[in-house]
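Structure record follows, encoded as structure tokens.
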Amino acid sequence: MKDIFIVEDDALIAMLLEDMLSDLGYRVCASAPDLERALATARDMEFDAAILDVSLAGRSSLPVAKLLDDRGKPYLYATGYGSAPEGSRPSTLPVLRKPFQLNELEQAMKQLSES
1 MKDIFIVEDD ALIAMLLEDM LSDLGYRVCA SAPDLERALA TARDMEFDAA ILDVSLAGRS
61 SLPVAKLLDD RGKPYLYATG YGSAPEGSRP STLPVLRKPF QLNELEQAMK QLSES
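Once you know that position 16 of the sequence shown is 16 in the UniProt record's numbering, the rest is easy, because the numbers rise by one and skip nothing.
Below, the structure written as structure tokens:
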């Protein structure tokens, strides 16, 4: 699991996350700042796993998560809200609580690869 798709509406957080993933040996192969681009990328592009912000400019990323479920792609949520969105399968997903540190991201990525 090396190629990661990031769904994050805050450009600074997306850049920081990309740097952190690079430090851990992952490659960000795609990034989407809004729901429409996230859905298109999740549907059309190849990647190993995804990291989803829960809220994209006030819109839930749950439709992206459901598309990833349909494709069998693992993902985790990164959120300042403290939990996965209503309707998701949070009991089986790692949830990173913003702000997070490199070691927390590393642990969540390990958990994701084991699920």
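Where a beta carbon is used, it is the ideal one built from N, C-alpha and C, also for glycine.
- Annotated three-state conformation of Val-54 is coil, per DSSP.
- A direct Cα-to-Cα measurement between Gln-101 and Val-64 gives close to 25 Å.
- Shortest Cα-Cα distance from Thr-41 to any of Gln-111, Lys-98 and Phe-5 involves Phe-5.
- The alpha-carbon of Ser-113 is positioned some 7 Å away from that of Met-1.
- Under DSSP, Tyr-77 forms a beta bridge with Leu-52 and Val-95.
- With a cutoff of 8 Å on beta-carbon distance, Leu-76 and Val-54 are scored as not near each other.
- By a beta-carbon distance limit of 8 Å, Ala-78 contacts Ile-51. Their separation comes to about 5 Å.
- DSSP lists Val-7 as the beta-bridge partner residues of Ala-32.
- A straight line joining the alpha-carbon of Met-20 with that of Leu-68 spans about 23 Å.
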